[in-house]
Amino acid sequence: MFVFGILYYNEVSFSFPGLTVSEAAKLCSYMHFREPKLLLEKTLLQKANLDKSIDFMDTLEEDIPKGK
315 MFVFGILYYN EVSFSFPGLT VSEAAKLCSY MHFREPKLLL EKTLLQKANL DKSIDFMDTL
375 EEDIPKGK
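Here it is in structure tokens:
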């Protein structure tokens with residue numbers, strides 16, 4: 315797992331023990347390793363519940379698959 319470090323860059327979190335089987339099955343447990351796109355579109359109410367140190371990437375849960 316990555317956290318947003320003090321010097322404003324991503325760093326590995328050594329305190330993360332891994333996902334349980336039930337958490338690994340949820341799409342919200344996985345993130346895009348890129349600049350956020352959907353995160354910037356959230357409402358102020360949604361942003362109020364975010365933790366800046368860990369909620370800085372878009373989750374796969376919010377993706378809308380593109381069909382053929």
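Numbering-wise (the working numbering), the sequence shown opens with residue 315 and increments by one. Just so you know, even glycine gets a beta-carbon here, dropped at the ideal spot from N, CA and C.
Using beta carbons (cut-off 7 Å, strictly below), is residue i in contact with chain D?
| i | result |
| --- | --- |
| Glu-376 | Of the protein chains in this structure there is only one, and it is not chain D. |
Taking its Cβ as the centre, do 16 or more other Cβ atoms sit within 10 Å of residue i, making it buried, or is it exposed?
| i | result |
| --- | --- |
| Asp-372 | buried |
Indicate whether residue i and residue j have their beta-carbon atoms separated by less than 7 Å.
| i | j | result |
| --- | --- | --- |
| Leu-341 | Leu-374 | yes |
| Leu-352 | Glu-337 | no |
| Ser-343 | Leu-354 | no |
Going by the DSSP bridge assignment, what does residue i pair with across the sheet?
| i | result |
| --- | --- |
| Thr-373 | Met-345 |
For a test of the three-state rule: what should DSSP assign to residue i, helix, strand or coil?
| i | result |
| --- | --- |
| Lys-361 | helix |
| Ser-336 | helix |
| Leu-352 | coil |
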